[in-house]
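Participant: Let me begin by handing over the structure; questions about it come next.
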Amino acid sequence: MKRFLCGFVLFFCFAVGFAQQNRIFIQAKITENNPRIAVSQEIDFTNSTDQPLNQIKLLNWIAAYQSRNTALLGRKLEDRKSELYFAKPNELGGLENLQIKVENQSIDQVSSTEENIFLPLNKSLQPGEVLKITLNYTLKIPSSKFTAYGTDGNGFYLKYFFIVPDRPETVVKREFLDIDENQSPGNEWTVLLDIPANWYAKSNLKEIQTNYFQGVLNNDPEFLISEKRFDQIDANIDEKVTSVEFGYPLSTEEKQHLEFYLPLQLSFIKSKIGTLPEKIFISDKFKKEQNFTGLEDVKFWKFRYPLFPERMRTDLNYFSALSKNIIQQSVIFDKNDDHWLINGLKTYLEIQYLERYYRDEKLLGALPDNLKLFGLKPLKIFHASELKISERYGLAYQYIRSQNLDQRISEPFYQLSNFNASAISHFEMGSLFSFLAEKMGNEKFDDFIVDYLKQNHLKKVDRKDFLDRFTLATGYSSEFLEQFIERKNRVNFDLKKFKKNGDEFQVKISKNTNQAIPFKLETINRKGEKSEFWFDTDQSQKAITYNIPQANAEKIVVNSEYIFPENNFRDNYLYTRGIYTNAKKVKLKLFKDIPNPEFNEIYLNPRLSFNAYDNVLVGLNFRNTSFFEQKFNYTFTPYFSSGTGTMTGSGGISYSFQPAESFYRSLDFGIAGSYFHYDFDLSYRKLTAFGNLSFSKNPRSDIGRSLGISYNFFDKDLDPKKNDPNDYSRYNLWSVGYAYSDRRMIHEKYFSGNFLFMEDFQRISAEAFYRWEFQKSKKISFRFFGGLFLNNHTRNNLFDYGISRVSNFAFSYGLLGQSATSGIFSQQLIIADGGFKSYLGQTTNQWITAVNVDSHLWKMFNLYADAGMYKNHQFSPKFIWDSGVKLKVVPDFLEVYFPIQSSLGFEPSFKDYGTRIRFTLTLNFSAITNYFRRGWF
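Using our numbering, you'd call the opening residue of the sequence shown number 35 and step up by one each time.
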C-alpha cells in the first residue's frame with residue numbers, strides 16, 4: 035500500500051506542466067505460474083482537439099488474441115502463420131472483470147471483447163478540459179508464440195495489452211495488426227509493477243525505482259518481466275551517457291563486439307540526427323524485425339557458408355535496430371501514414387554507414403571466394419559477385435517493380451505486402467533521401483534533419499510540413515517528392531546519344547515524366563576514375579542536351595549504382611570509343627544472373643531433359659531473361675536427342691504490357707514453337723500464338739485472376755504401319771480460358787473454365803478445387819470437374835475427355851511417355867479431366883463429372899477417393915469410383931498413389947498390382963518459386 039501511495043505522489047508531481055498530454059497511471063500485479071495480471075489504472079484524459087467531445091474511445095487491443103474473428107488473425111494468415119488460428123483456448127488472451135468509472139460514475143454495458151471501447155459522456159468535454167477515467171480489470175496474457183508479445187511460461191513481454199486512450203480525432207475503429215504500430219503515443223506514463231521475488235523487469239520507460247517506471251514516450255511502453263537478469267551497455271557520447279538495455283541474454287562474443295561497436299554507432303547516428311535518447315531498449319522481437327537483411331549464412335544440407343564475419347553481422351544488425359529505435363523516439367510518427375519517413379531515414383543512415391565503413395564490401399560477402407568446386411570458384415562468373423552491398427537497396431526495388439507488384443510509397447503500411455514493406459517503405463525511400471542528400475550535400479541534408487527533429491520533438495509529424503521544409507532546404511530539387519510518393523514509380527531517364535564538340539561531350543537525355551527530377555551524370559575513364567555532374571530538370575519530357583568535359587572518358591552513365599529508383603537502368607549507359615560508340619556492348623553469360631544494365635546480356639543455360647522417345651535431351655538455352663523480368667523476352671533451346679540422334683528443341687518470344695495503374699497487372703502476347711517426339715521415330719511440331727491477361731491484385735492478397743486465349747497448330751508424324759485414315763496428322767485448336775486462384779492459408783480455392791474448339795468439335799469444361807487445413811499441417815481437398823461436348827464429329831478418341839489417363843493432344847502436360855501404354859511411364863498420373871487413379875476406363879466422348887477427395891491420414895500418407903459418372907455416345911451413363919493411399923514424397927510435386935478398393939474390386943489382390951500404382955511428377959521451377967514466395971507478394 036505504501037508503494038501504491040508513493041506511486042501516486044510521484045505520478046502527480048511528474049504530471050505538472052504537461053496539461054495537453056494524457057496521463058496514465060498503472061499498477062499491475064503479476065504472480066508466478068499464472069497468465070493473468072490484475073490491473074488498477076487511472077487515465078487523465080485531455081481533450082487536445084479544438085472541438086467538444088461527446089465520447090472517448092479506448093483501445094483494448096488484447097482482445098485481438100481472443101478468437102478467430104479478429105483482424106490480427108487475418109493478418110497472420112496473410113503472412114502464412116497459422117499458430118493463432120490453431121491455438122488452444124488456454125493460449126489465447128483477453129480482458130476479464132472490466133470495471134470502468136468516468137469521474138466516479140460507473141459505465142455499464144461495455145463489451146470487453148471489442149478492440150475499440152466507446153465511452154459516452156453525459157457532458158461534452160471542452161477543448162483543453164481534463165477528465166478522469168478509472169479502470170480495474172484482469173489481463174489474460176496470450177502465448178508469446180503468436181506475436182512474441184505475451185508469455186512463454188517463464189516470463190512476460192507486455193506491449194499493447196493495457197487499455198489506453200486513442201487519439202481524440204480518430205473516430206474510426208483501429209485494430210491491432212502486429213506491425214509495430216503506434217497505439218497511443220505522446221502520453222505520460224507511470225507504471226508500478228508488483229512482481230514475484232527474485233524476478234526482474236525492464237522497460238523502455240525510465241526506471242525511477244525498482245519496478246517503478248515513469249516517462250513520456252513518443253511510442254508505446256513495453257515491459258519485459260522474467261527471472262533472468264538483462265544485459266546493459268552504457269556508452270559515453272560527447273560526455274552524455276546513453277544506456278542500451280537488452281531484453282535477451284547476449285553471448286560473450288556478441289557483448290565484446292557491442293562494447294566496441296556501440297559507441298561508434300551511437301556517435302555516427304548522433305552526427306546525422308543531432309541527438310540521442312538517455313535510454314534505448316531493444317527487445318528480441320524488435321532486433322529480429324530490424325535485422326540487416328542479407329547477412330545470414332548460406333546453409334545447404336550439412337554445409338554452411340558464411341557470407342560475412344560475425345563482427346560485421348553484429349555491427350550492421352545492431353546499427354539497423356539502433357537507428358530505427360532512435361528515430362522512433364525522436365518525434366511522434368503514425369506508422370500507417372508516416373512509415374516511409376521513419377523507414378526512409380533509417381535506410382538513409384544505413385547507406386551512409388555502409389559508405390563510411392563498408393564501402394567496398396560485396397553483396398555476397400566472402401561467399402564467392404569461399405565456395406569452391408574442384409578448386410574453382412563458380413560464383414565468380416556471376417555479376418552478383420561484383421555488386422556492392424550498398425546496391426542491394428536499388429536491386430530490391432528493381433525486382434519487385436519488374437513484377438509490377440510494387441506499391442506507392444505513401445500506401446498505408448498495413449496495405450503494403452511484406453516484400454514492399456522493405457523494398458518500397460525502406461529501400462526506395464531511403465535511396466531517394468540518399469540521392470537528394472548527395473545532390474544538396476550530405477552535411478546540409480544532415481543539418482536539415484537535425485533541425486527538423488529538434489523543432490518537432492514530442493510533436494506528431496506533419497507530412498506536408500516536412501516535404502515543404504525539405505523542398506526549401508534542397509533549393510526545390512526535392513519538390514517532386516510530394517507527387518512522387520503518391521503514385522507507383524515509373525520514372526525513367528534515357529541516355530539517348532552523345533557527340534563530341536571540342537573538349538566537351540554534348541549528351542542528349544530525356545525523361546518520361548513531367549516532374550522536375552534532378553539526375554547525376556558521370557564519365558568514367560579507362561582507369562575507373564569518375565567525374566560527376568549534377569543537373570536539375572524542368573517539367574518537359576523532351577530530350578535536352580547537356581554539356582560536360584570529355585576528360586578522356588570511355589563511358590557515360592546516368593544515375594549509376596542504382597542511386598535513384600528508376601524504372602529501367604538499361605538505357606543509362608553509353609560507350610564513347612570503339613565499335614560500340616553510342617551503343618551498349620553485347621555480353622554472353624553462363625547461367626541466369628542479376629542483370630548488368632551496362633550490357634545487352636544473353637544468358638546461356640545448359641539444359642538436360644528426358645522423355646521415353648528422345649531419351650536424354652542435352653541442350654543449351656539462349657534467353658534474355660535474368661532474375662528480373664523484362665517486357666520483351668525471348669528464349670530458344672536447341673536439344674540433341676540421344677534417342678533419335680537428331681536435333682529437337684523449342685523457342686518463343688513474348689512482350690508484356692505492364693501499366694502501373696490499371697485493372698490488369700500484365701497483358702502478354704507471344705508466339706512459341708516446339709519440335710519433339712511423341713512416340714518412337716514419330717515427331718510432332720507445335721506452333722502457338724497466345725495472349726494472357728493477368729488482372730491486378732492486392733499485393734497482400736493471395737487471390738489472382740487471369741484470362742487467356744491461344745491458337746495452336748499441330749503437325750504430327752503418323753505411324754506408317756498403322757495407316758489409319760482416322761488419325762489426325764494436322765489440326766488446329768483454339769482455346770479460351772479463365773482462372774481464379776486463392777492460395778490463402780486454411781481455405782485454399784481454385785476455379786477454372788475453358789472453351790476448346792476446332793472444326794470437328796467444341797467442348798466446355800470447368801474445374802474447382804478446395805483445400806481445407808482442418809488441423810495444423812493436416813488437410814483435406816476436394817476437386818470437382820465437369821466436361822461437356824457441345825458438338826463432336828471427331829474421327830477418333832484423340833480429343834476425348836480422359837478418365838484415368840489424359841489425352842495429351844495439345845502436348846501441354848509434362849508426360850515422360852506421351853504414347854506409353856505399358857511400363858513405368860504409362861503409370862504417370864496427371865490430375866486433369868476425370869483424375870481417377872485406378873484404370874476405370876480410357877476416354878469419354880460426350881460428358882463426364884468427377885469428384886476427387888484427398889485427406890491427411892498419418893505423417894506422409896493420405897487417403898484418397900474418386901467418384902463420378904461419364905457417358906459415351908450410344909451408351910448409357912456409367913458410375914465409377916476408386917480409393918486408396920497416397921504417399922507424399924515431396925508434397926504437390928512428387929506423390930505416389932496405391933489403389934485399394936474401386937469399381938473393379940479389391941485391387942491389391944490383382945496379379946498386376948504393381949502396374950496399377952500411379953505417380954505424379956511436377957518439374958516446374960516457377961511453380962516451386964511461387965510456392966515458397968507465398969505471404970510475401
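Built from N, CA and C at the ideal position, the CB exists for glycine as well.
By alpha-carbon positions, which one of Phe598, Ser301, Asn634, Asn658 ends up nearest to Leu383?
Facilitator: In the sequence shown, residue 383 corresponds to position 349, counting from 1. Selected option, being the one with the closest Cα: Ser301.
Participant: Tell me the residue span of the beta strand (DSSP E) that contains Ile858.
Facilitator: The count along the sequence shown starts at 1 and reaches residue 858 at position 824. Note, Ile858: premise wrong, no beta strand (DSSP E); not H, not E.
Participant: Going by DSSP, what residues sit across from Gly787 in a beta bridge?
Facilitator: Counting from 1 along the sequence shown, the entry for residue 787 is found at position 753. Tyr772, Ala800.
Participant: At 4 residues or longer, and completely inside the segment 453-501: list those alpha helix (DSSP H) runs for me, N to C.
Facilitator: Complete alpha helix (DSSP H) runs here, min 4: 463-474, 476-489.
Participant: At 4 residues or longer, and completely inside the segment 292-379: list those alpha helix (DSSP H) runs for me, N to C.
Facilitator: Runs of the alpha helix (DSSP H) lying entirely within the segment 292-379, each at least 4 residues long, are 318-324, 344-364 in chain order.
Participant: Does DSSP classify Pro925 as helix, strand or coil?
Facilitator: What you label residue 925 is simply residue 891 of the sequence shown in a count that begins at 1. Pro925 falls in the coil class under three-state DSSP.
Participant: For Arg699, count the other beta carbons within 10 Å of its own beta carbon; 16 or more makes it buried, fewer makes it exposed. Which is it?
Facilitator: Here the question's residue 699 lines up with position 665 in the sequence shown. Per the 10 Å Cβ criterion, buried.
Participant: Please list, in chain order, all residues of the same chain as Lys531 whose beta carbon is under 6 Å from its beta carbon, the five residues on each side excluded.
Facilitator: For the purposes of this step, residue 531 is taken as the residue at position 497 of the sequence shown. Lys542, Asn616, listed in sequence order.
Participant: Between which residues of its own chain and Ala866 is the CB-CB distance below 6 Å, once the five residues before and five after are set aside?
Facilitator: As a working mapping, residue 866 is identified with position 832 in the sequence shown. Answer for Ala866: Val840, listed in chain order.
Participant: Report yes if the CB atom of Asp254 is closer than 8 Å to the CB atom of Gln299, and no otherwise.
Facilitator: Taking the first residue of the sequence shown as position 1, residue 254 is located at position 220. Taking the first residue of the sequence shown as position 1, residue 299 is located at position 265. Not a contact, by the Cβ cut-off of 8 Å.
Participant: Using the C-alpha atoms, what's the distance from Ser544 back to Phe703?
Facilitator: Mapped onto the sequence shown, residue 703 falls at position 669. Mapped onto the sequence shown, residue 544 falls at position 510. When rounded, the distance between both Cα atoms is 28 Å.
Participant: Here's the rule I'm using: 16 or more other beta-carbon atoms within 10 Å means buried, otherwise exposed. How should Leu506 be labelled?
Facilitator: In the sequence shown, residue 506 corresponds to position 472, counting from 1. Result: exposed.
Participant: Restricting to Cα atoms, I'd like to know which of Leu388, Ser512, Asp212, Gly857 is closest to Ile96.
Facilitator: Working through the sequence shown from its first residue, we reach residue 96 at position 62. The option with the nearest alpha carbon to Ile96 is Asp212.
Participant: Where does Ile415 fall in DSSP's three states?
Facilitator: Here the question's residue 415 lines up with position 381 in the sequence shown. DSSP places Ile415 in helix when its eight states are reduced to three.
Participant: Can you give the Cα-Cα distance for Phe504 and Ser305, rounded to whole angstroms?
Facilitator: Walking along the sequence shown from the start, residue 504 turns up at place 470. Walking along the sequence shown from the start, residue 305 turns up at place 271. Roughly 19 Å between the two C-alpha positions.
Participant: On the three-pair Cβ rule with 8 Å, is the segment 351-367 touching the segment 307-319?
Facilitator: Taking a contact to require three or more Cβ pairs closer than 8 Å, the segment 351-367 and the segment 307-319 qualify as touching.
Participant: Let's see if you can read the secondary structure: which residues bound the beta strand (DSSP E) around Ile96?
Facilitator: Here residue 96 refers to the residue found at position 62 of the sequence shown. Counting along the chain, Ile96 falls outside any beta strand (DSSP E), and DSSP gives it neither H nor E.
Participant: So, are the CB atoms of Pro599 and Tyr431 less than 8 Å apart?
Facilitator: Residue 599 sits at position 565 when you count from the first residue of the sequence shown. Residue 431 sits at position 397 when you count from the first residue of the sequence shown. Contact: yes.
Participant: Kindly identify the DSSP beta-bridge partner or partners of Met681.
Facilitator: Translated into positions along the sequence shown, residue 681 becomes position 647. Answer is Phe674.
Participant: For the beta strand (DSSP E) containing Ile151, name the first residue and the last one.
Facilitator: Mapped onto the sequence shown, residue 151 falls at position 117. Its beta strand (DSSP E) spans residues 150-159.
Participant: Going by beta-carbon coordinates alone, are Ile60 and Phe196 separated by less than 8 Å?
Facilitator: Counting from 1 along the sequence shown, the entry for residue 60 is found at position 26. Counting from 1 along the sequence shown, the entry for residue 196 is found at position 162. Contact flag set, yes.
Participant: For Lys110, report the span of its alpha helix (DSSP H) as first-last.
Facilitator: On the sequence shown, position 76 is the one that residue 110 refers to. According to the DSSP assignment, Lys110 belongs to the alpha helix (DSSP H) that extends over 105-112.
Participant: Pull up the distance between the alpha-carbon of Tyr873 and that of Leu955, whole angstroms please.
Facilitator: By 1-based counting over the sequence shown, the position of residue 873 is 839. By 1-based counting over the sequence shown, the position of residue 955 is 921. Roughly 18 Å between the two C-alpha positions.
Participant: Should Phe808 be labelled buried (16 or more other beta-carbon atoms within 10 Å of its own) or exposed?
Facilitator: As a position in the sequence shown, residue 808 is number 774, starting the count at 1. Exposed is the call here.
Participant: Under the DSSP definition of a beta bridge, which residues are partnered with Met903?
Facilitator: The residue labelled residue 903 in the question sits at position 869 within the sequence shown. For Met903, which the question treats as bridged, DSSP gives the partners Thr883, Phe913.
Participant: For Thr172, which residues from the same chain have a beta carbon less than 6 Å from its beta carbon, with the 5 sequence-adjacent residues on both sides left out?
Facilitator: Mapped onto the sequence shown, residue 172 falls at position 138. So the list reads Arg70, Ala72, Glu130, Asn131, once near-sequence residues are dropped.
Participant: Does the contact criterion of 3 or more C-beta pairs under 8 Å hold for the segment 483-498 versus the segment 392-405?
Facilitator: Contact fails: fewer than three Cβ-Cβ distances are below 8 Å.
Participant: Taking Lys912 as the reference, which of Val919, Val887, Thr878 has the closest Cα?
Facilitator: The residue given as residue 912 occupies position 878 in the sequence shown. Answer by Cα proximity: Thr878.
Participant: Would you call the segment 603-610 in contact with the segment 809-816, where contact means no fewer than 3 C-beta pairs closer than 8 Å?
Facilitator: no
Participant: Closer than 8 Å is the cut-off here; do at least three beta carbon pairs connect the segment 641-660 with the segment 670-689?
Facilitator: yes
Participant: Kindly list the residues whose CB is nearer than 6 Å to the CB of Gly985, restricted to its own chain and excluding five residues on each side of it in sequence; keep chain order.
Facilitator: This structure cannot settle anything about residue 985, because the visible part of the chain is limited to 35 through 971.
Participant: Exposed or buried, Phe315, counting other C-beta atoms within 10 Å across all chains shown (16 or more means buried)?
Facilitator: Mapped onto the sequence shown, residue 315 falls at position 281. Answer is buried; the Cβ neighbour count reaches 16.
Participant: What distance in whole Å lies between the Cβ atoms of Lys922 and Asn896, which are believed to be in contact at a cut-off of 8 Å?
Facilitator: The residue given as residue 896 occupies position 862 in the sequence shown. The residue given as residue 922 occupies position 888 in the sequence shown. Asn896 to Lys922, Cβ: 6 Å. Contact.
Participant: Measuring from the CB of Leu126, is there a heavy atom of the ligand GTP at a distance below 7 Å?
Facilitator: Inclusion of the ligand GTP in the displayed structure is not the case, the ligand content being empty and no account of it being possible.
Participant: Whole angstroms is fine: what's the gap from Ser769's alpha carbon to Thr147's?
Facilitator: As a first step, residue 769 is located in the sequence shown; it is residue number 735 there, counting from the start. As a first step, residue 147 is located in the sequence shown; it is residue number 113 there, counting from the start. Answer to the nearest angstrom: the Cα atoms are 52 Å apart.
Participant: Is the Cβ of Phe152 closer than 8 Å to any Cβ of chain C?
Facilitator: Reference to chain C is not applicable here, since this structure consists of a single protein chain.
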